[in-house]
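Heads up: the sequence lines are chains A and B, in that order.
Residue numbering for the first sequence follows the numbering used here, beginning at 95 and increasing consecutively.
Residue numbering for the second sequence follows the numbering used here, beginning at 95 and increasing consecutively.
Glycine included, C-beta positions come from ideal geometry on N, C-alpha and C.
Read through the structure below, which is laid out as structure tokens, and then see the notes.
There are 2 protein chains.
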Amino acid sequence: MGVTKTEIYKDEQNKLASLLKVLGHPARIAILQYIINQKTCICNDLVEELGLAQATISQHLKELKTIGIIQGSIEGKSVCYCIDELVWKQFQEEFNGFFNQDVNVKQCC
Amino acid sequence: MGVTKTEIYKDEQNKLASLLKVLGHPARIAILQYIINQKTCICNDLVEELGLAQATISQHLKELKTIGIIQGSIEGKSVCYCIDELVWKQFQEEFNGFFNQDVNVKQCC
DNA sequence: ATTTAATATCGTAATATTGCGATGTAAATA
DNA sequence: TATTTACATCGCAATATTACGATATTAAAT
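The following block contains the structure:
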């Protein structure tokens, strides 16, 4: 037990859920907002901004990179992170497709 | 360790993250989609539809109720679940506010 | 009054996540 | 070359999540 039964759901459901899961942590929301505001940042900026350990920030950045929403490019001894605009737009559409669907509520509630 | 440091984030960030976290599980996505399609459902419908144990479905329904996105009303010996249209729309706006913001990518990536 | 049906809750095992210190690596600097 | 800087990764402890059987609760049906 303790394992999500991925195989019983549709690919689309698993995909959407895993994106939402990655976004479902305040540190990762804060990181995304910071990058959006500053256009770009390095890991150390976030360590100072958020007050989490460097290892922790690095881990969160890794998860965001895993879903592709951010990119990192080596720049001397630091790594420059930014939003991947294309992936961001794909997610936008994905989320809009789910959240902006019409919800008709029947009269039992 | 192992605890999210809620106190270091803005309320808004914590709130958005916790909503996304609840939605970040395929069973809960599947449950929401099922309710949206059928307009309404009872717990047993979902047990048959998804093939998870009744206790498990009940637990997922509880989490969805916690964030307010669904409502349950007692109807005889069963409970009729449906989307809370008002809360759904609030979430829509919340998510749109985040995902539909302009993302300007600087030329380092 | 008993039984059945639908659900919620409790307890627990398996697994996942969070956070961090320690350590490794690679580029810049002294 | 030695040191510093920025980052990634490893290993671990604390905690959270997932799933389910067992059990409790409440209303309908017999």
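### Message
Quick check on I163 (chain A): does DSSP put it in helix, strand or coil?
### Response
In the displayed model, I163 (chain A) falls within coil according to three-state DSSP, outside both helix and strand.
### Query
Under 9 Å Cβ-Cβ, which residues of chain A neighbour G145 (chain B)?
Taking a Cβ-Cβ cut-off of 9 Å, the neighbours of G145 (chain B) in chain A comprise K99, I102, given in sequence order.
### Task
Assign V116 (chain A) to one of three DSSP states: helix, strand, or coil.
Three-state DSSP puts V116 (chain A) in a helix.
### Query
Roughly how many whole angstroms lie between the Cα atoms of Q165 (chain A) and C176 (chain A)?
Rounded to the nearest angstrom, the two C-alpha atoms are 5 Å apart.
### Query
With 16 other CB atoms within 10 Å as the buried threshold, where does K183 (chain B) fall?
By the neighbour-count rule (16 or more Cβ atoms within 10 Å), K183 (chain B) is not buried but exposed.
### Task
Kindly give me the distance between the Cβ atoms of N198 (chain B) and Q186 (chain A), rounded to whole angstroms, as I take these residues to be in contact under 8 Å.
Q186 (chain A) and N198 (chain B) do not touch by the CB rule: their CB atoms are close to 15 Å apart, not below 8 Å.
### Runs of alpha helix (DSSP H) lying entirely within the region 137-182 of chain A, each at least 4 residues, in chain order
Listed in chain order, the complete alpha helix (DSSP H) runs (minimum 4 residues) inside the region 137-182 of chain A are 137-144, 148-160.
### Query
To the nearest angstrom, how far is it from the Cα of V141 (chain A) to the Cα of N131 (chain A)?
Between V141 (chain A) and N131 (chain A), the C-alpha separation is close to 16 Å.
### Query
Is it buried or exposed for L155 (chain B), if we count other Cβ within 10 angstroms and need 16 for buried?
Counting Cβ neighbours within 10 Å, L155 (chain B) comes out buried, since at least 16 surround it.
### Task
Look at the alpha carbon of T150 (chain B) and the alpha carbon of T134 (chain A), and state the distance between them as a whole number of angstroms.
Approximately 42 Å between the Cα atoms of the pair.
#### Entry: Rounded separation between T100 (chain B) and G96 (chain A) - CA only
Distance between T100 (chain B) and G96 (chain A), taken at the CA atoms: about 24 Å.
### Query
G170 (chain A): which of A:I136, A:K159, A:G145, A:H119 sits nearest, CA to CA?
For G170 (chain A), the nearest C-alpha among the options comes from A:I136.
### Message
Just checking: is the beta-carbon of A139 (chain B) within a distance shorter than 9 Å of some beta-carbon in chain A?
### Response
Looking at the sequence provided, one finds Asp at residue 139 (chain B) rather than Ala. False, the Cβ-Cβ gap to chain A never drops below 9 Å.
### Message
Within 10 Å of its beta-carbon, does E118 (chain A) have 16 or more other beta-carbons around it, so buried, or fewer, so exposed?
### Response
Checking the sequence, you will find Gly at residue 118 (chain A) rather than Glu. Burial of G118 (chain A) is indicated by the presence of at least 16 other C-beta atoms within 10 angstroms of its C-beta.
### Any chain B beta carbon closer than 9 Å to S152 (chain A)
Chain B places no beta carbon closer than 9 Å to that of S152 (chain A), leaving this residue out of the contacts.
### Where I125 (chain A) falls, given that 16 or more other Cβ within 10 Å makes a residue buried
Result: buried.
### Task
List the residues of chain A that K177 (chain B) touches, going by C-beta distances under 9 Å, in chain order.
A quick correction: the sequence has Ile, not Lys, at residue 177 (chain B). Simply V197, N198, V199, C203.
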